[in-house]
Every structure is written in C-alpha cells, then in structure tokens.
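Per UniProt numbering, the very first residue in the sequence shown carries number 1; after that it's consecutive. From the three backbone atoms N, C-alpha and C, an ideal C-beta is built for every residue, glycine too.
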Amino acid sequence: MLFSSVAWGQTTLRIGLQDDPDQLDPARARTFVGRIVFASLCDKLVDITPELEFVPQLATQWSWPDNKTLKFTLRENAVYHDGTPIDAASVKANLERAKNLPDSNRKSELVTLASVDAPDARTVVLHLTQPDASLLSQLSDRAGMMQSPASFNKDPGKNPVCSGPYRFKSRVQNDHITLEKFAQHWDAANYHFQTVVFRPVPDATVRLNNMRSGGLDIAERLAPADAQTVKDDPNLSFMPVTGLGFQAISVNFANAPRADNPFAKDARVRQAFDLSIDRDAINQVVGMGLYQPAFQPFPPASFAYDKSVERKGRDVEKARALLKEAGLDRVKVEISFGNNTIMQQVFELIQAMGSEAGFDISLRSMEFAALQSTMARGDFELAQAGWSGRVDPSGNVFQYVSCKGSLNDGRFCDETMDKLLNDAREELDVEKRKVLYREFLNQMRAKHPIFYTYYLPWTFGVQKRVQGFVPYPDGLVRLKDVTLAGQ
C-alpha cells in the first residue's frame with residue numbers, strides 16, 4: 001500500500017513505524033513505537049541530549065538534597081492538553097498512579113519511590129526508600145511523562161490527554177495515529193507542523209517504497225538490506241545511529257502452564273541453545289553489518305559493558321554435548337515473535353541454527369501488540385524480547401530479570417541476582433557499580449534467563465526536504481526545530 005504524498009498538506013509530517021503501538025497510556029504502554037508517539041504527545045520531567053546528558057523539559061531544575069531525596073522545580077507556563085496547569089499536585093498524581101496502578105508497567109522503574117510531596121505549585125520532592133542511581137533516567141522516559149489527572153478515569157489508553165507539543169486527534173488501529181499541534185504548549189514556537197501522522201507499516205519493503213514515493217517523510221528501522229537503496233536515492237538520506245537497546249529471546253520459567261518446558265527446567269538446555277546461535281551470522285546475513293552481536297543487556301556505550309562476555313561464532317558440538325548431559329536427544333520448542341520482515345528473517349535463521357544443534361524450533365508469528373499481551377499472560381515458551389534501551393544500565397535489565405520486574409513475563413526469579421541488581425541500583429559510585437554488574441553478568445552466563453542476540457541500531461530514512469532532524473541513541477523521533485523545505 002502506497003500513501004499519498006499530498007493527501008495531508010504541506011504542514012503535515014508523516015512518520016512510518018515498524019509496528020502499531022499498543023495503548024497510548026504511558027503508565028500501561030509496553031511498545032517501543034509507542035515511545036516514538038509519546039515523544040510528541042507527552043512531555044516528561046526531563047529529557048536527554050544526543051550525548052545522553054539530562055536536560056530540562058517540564059522540570060527546569062533538579063537536585064539531590066541527600067541520596068534518598070530528589071527535588072524538582074517545574075515550569076511556570078506549562079499546561080495539559082485540556083488547559084489545566086502542570087503543577088506539583090498533578091505531577092504527584094501522575095507519579096503515584098504510575099507506581100500504584102495495578103496494571104502499570106512503570107512499577108519496577110519506580111520501585112524505590114516511597115512518597116511524593118508537593119509543598120508548593122512549582123516544587124516536587126521525591127522521597128526514596130533507598131538510593132537509586134537510575135531514577136533520573138527513568139523519569140526521562142515513560143515513568144516521567146505527565147497526563148492530565150482529569151483524564152485518568154476516561155480511558156487514557158484510547159483518549160490520551162497529555163502534555164507534549166502535539167495533542168491526540170484520532171486513531172485507526174493498524175492504520176494511523178494523528179496528532180495536531182497544541183498551540184498552548186510552552187515551547188510551541190519551535191514545533192512547525194500542524195499535523196503529525198504516524199503510520200504502522202510492518203513490511204520493510206512497503207515502508208521503503210512509501211519513502212521513495214514521497215508518502216512518508218521519516219521512516220524508522222529501515223531494513224539493513226535497504227540501506228544502499230536509500231543512500232542511492234537523490235531524494236532520501238540514510239541516518240543510522242547506534243542505539244542503547246537490544247533484541248533478545250525470553251524464556252517462560254513460571255508464568256502459566258506453558259512454563260512446563262525443557263528450557264525452564266534445565267540450565268544446560270539454555271546454555272546449549274545460546275551456543276547454537278551464531279550472532280555474527282545474524283549480523284552479516286540479516287543486519288548487513290549493522291547488527292552488532294550482543295551477549296549482555298549493556299550496550300558498548302554503557303559503563304557497565306563487559307567485553308569479556310563476548311565470543312565469536314557458535315559451538316554446535318558443545319551444545320549437543322550439553323543436551324546429552326541433560327538426558328535429551330532433541331528438544332522441541334516454540335518461539336513467538338512480532339510479524340515484521342526483520343524478525344521473520346532473524347528467527348528463521350535461528351531456527352536453522354538450532355536444528356543443527358538438536359533443537360526442533362517452531363515459529364509463531366503474530367502482530368506485535370498481540371505479542372505483548374500473549375507474553376504477559378504466559379502463552380509462550382520462548383518469545384522475542386526487544387528493548388529500546390535506557391541511559392542507565394539498570395534500565396536495560398531490571399524490568400526483565402528482577403523477580404518483580406514489570407516486563408519479566410517469564411517470571412524468572414533468582415535471589416542472588418536480585419540482590420546484585422538492587423545493590424547496583426543503590427550504589428551511586430560508578431566504579432563500585434561496575435563491579436556489581438560484572439558479577440551479575442557472571443550469574444547471567446550461568447543461568448541464561450534471557451538470550452541476547454544483537455544491539456539495536458536505529459536506522460532512519462528521511463526525505464532530504466526534512467530539515468533539522470537529529471537521530472538520538474534512544475531511537476525516538478524528536479520534532480523540535482524540524483521543518484520541511486519550502487514550508
């Protein structure tokens with residue numbers, strides 16, 4: 001399907017997404033593409049620069065009076081999309097909702113938040129149960145996004161009333177999300193489109209064709225195989241950036257009946273599977289050299305990254321020996337994954353690799369938002385677990401591996417590893433945190449609760465008439481100062 005290049009007018013920007021986002025409630029949302037929409041829809045307390053430094057957004061200042069207290073000063077002229085002021089009481093309500101809502105996916109991100117005070121309209125004080133070096137980075141993402149408290153009981157997942165430079169206008173599931181400019185936004189002068197349309201286009205070839213025909217102005221996660229085509233097109237620019245996140249495969253250990261599988265029962269089976277995967281082959285065959293192999297949750301840019309965890313190729317003979325040691329000849333397993341072009345290629349390759357090592361893998365492809373609910377209810381054995389990455393290393397692992405992690409769909413729980421994660425979160429000294437994360441990675445290699453495959457590059461295709469666009473390591477599309485030539 002090709003989208004018209006003129007249907008929405010000159011002051012409209014059209015952004016092609018790899019997947020359709022889930023619900024548009026920052027507290028409940030799970031998908032990366034949802035975060036791309038939120039970057040225009042919902043302001044946060046703080047944001048980041050391309051160099052991963054924290055900068056003001058709804059908060060103009062912050063400080064640590066002590067290591068268990070974080071104090072914010074809010075902007076004076078910011079309002080929600082319903083016109084109500086963004087004051088300390090409303091920020092307090094948002095943070096308490098994100099922490100206490102029964103189905104919130106921000107709980108583990110705010111696990112150290114004990115209470116919130118609003119001593120005056122411009123001051124918010126967060127009291128923590130323990131020191132938390134990761135908290136500011138969490139508040140630079142969905143945990144720090146602000147919605148009008150008046151909308152909390154009006155289905156914000158379908159009708160969000162947020163705080164960003166664009167407000168929600170309409171949505172047609174699996175077709176488009178339309179936002180319109182919010183003239184009362186505190187920084188409205190630096191946002192130059194009347195309308196922003198997000199279109200989910202799971203097929204990478206169709207996404208590329210819409211770029212080339214002019215039907216999309218920006219497209220995220222173009223297929224690596226299409227990079228040269230974009231570079232050769234005089235109307236397009238290829239703009240990749242090294243990301244903070246990863247692609248991985250989660251194991252169901254204890255969530256519903258499908259946790260009764262060989263992977264959950266024996267670490268040797270998990271070790272054998274890990275050894276069967278040749279990440280270098282995935283990088284070359286699917287990633288065209290853009291998919292750096294990953295063996296850990298921490299990207300190379302992180303202080304917690306440990307190069308000693310890396311290896312080359314795979315070891316089929318050792319994998320077979322481990323299965324034999326576990327008393328198994330061949331192991332049947334199903335992998336569930338999101339139905340986009342890249343993931344289909346990756347998992348078909350893993351299927352072939354696994355077969356040589358003794359794994360009979362069946363593949364279960366489904367729409368990405370459906371995959372999220374499928375994993376949450378435990379209807380999987382192994383499943384795709386992509387993570388877009390966070391500035392602080394805790395944000396790349398705590399949600400997935402800690403016993404009460406909000407994205408720990410397989411319900412893996414190990415007390416020793418939990419203690420290491422919590423100690424690393426509490427420690428403010430970077431060198432001491434490195435030591436704790438190194439020991440954590442040693443535990444990960446022994447227990448394999450999750451299989452990392454590659455680090456996520458963010459590969460953007462952009463019309464050359466789009467000016468001022470800067471790709472960020474978190475993969476989000478920020479539209480401040482972005483314009484169309486001739487607009």
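The beta-bridge partner set that DSSP reports for Ser151 is empty.
DSSP places Ile342 within a helical segment (H, G or I) once states are collapsed to three. According to the DSSP secondary-structure assignment, Val125 is paired through a beta bridge with Lys71, Asp117. Membership of Met366 in the beta strand (DSSP E) is indicated by the continuous run 359–366. By the criterion of a C-beta distance shorter than 7 Å, Asp266 is surrounded in its chain by Ala326, once the five residues flanking it on both sides are discounted.
Per the coordinates, the alpha-carbon of Phe347 lies some 35 Å from the alpha-carbon of Leu101. Per DSSP, the continuous beta strand (DSSP E) segment holding Lys169 begins and ends at 166–172. Relative to the Cα of Asp329, the nearest Cα in the group Gly358, Asp306, Met343 belongs to Gly358. Counting C-beta pairs closer than 8 Å gives three or more between the stretch 440–456 and the stretch 389–408, which meets the contact rule. DSSP places Leu101 outside both helix and strand once states are collapsed to three, so it counts as coil. In this structure, Leu58 lies away from Ala89, with their beta-carbon atoms at least 8 Å apart. Distance from Thr31 to Ala369 at the Cβ level is roughly 7 Å; contact confirmed, criterion being Cβ atoms closer than 8 Å. Excluding its 5 nearest sequence neighbours in each direction, Val125 has C-beta neighbours in its own chain below 6 Å: Lys71, Asp117, listed in chain order. Met211 sits away from Asp43, with the two beta carbons spaced by 8 Å or more. In the three-state DSSP reduction, Asp66 falls in the strand class (E or B). Per DSSP, Leu407 is not a residue of any alpha helix (DSSP H), being assigned neither H nor E. In the DSSP assignment, Asp429 falls outside any alpha helix (DSSP H) and carries neither an H nor an E. If you draw a straight line from the Cα of Glu427 to the Cα of Lys107, it comes to about 20 Å. Your pair Asp315 and Ser388 does not check out as a contact, with CB atoms roughly 30 Å apart and the cut at 8 Å.
In the structure shown, Asp19 falls within a coil segment according to DSSP collapsed to helix, strand and coil. Comparing alpha-carbon positions, the option among Ala321, Ala259, Val201, Glu431 lying closest to Asp306 turns out to be Glu431. Judged by DSSP in its simplified three-state form, Glu109 adopts helix. For Ala114, same chain residues with a beta-carbon under 7 Å away, outside a window of 5 residues either side, are His127, Leu128, Thr129 in chain order. DSSP places Asp47 within a strand segment (E or B) once states are collapsed to three. DSSP places Gly287 in no beta strand (DSSP E); its state is neither H nor E. The residue among Asn339, Thr341, Ile335 with its C-alpha nearest the C-alpha of Ala352 is Ile335. Ranked by Cα distance from Arg207, the options Thr229, Thr12, Asn190, Ala259 are led by Thr229. Annotated three-state conformation of Tyr400 is helix, per DSSP. Your pair Phe246 and Ala294 checks out as a contact, with CB atoms roughly 5 Å apart and the cut at 8 Å. It is roughly 20 Å from the alpha-carbon of Asn67 to the alpha-carbon of Val55.
Taking the CA atoms as reference points, Pro234 sits about 51 Å from Ala264.
For Ala383, the enclosing beta strand (DSSP E) has its first and last residue at 382–384.
Residue state for Tyr452 is assigned as strand, using DSSP reduced to three classes. Sequence-distant Cβ neighbours of Ala272 in its own chain, meaning closer than 6 Å and more than five residues away, are Ala319, Leu322, Leu323.
The stretch 273–289 makes no contact with the stretch 403–422, as fewer than three CB pairs between them are under 8 Å. In this structure, Val391 sits away from Pro50, with a CB-CB distance that is not shorter than 8 Å.
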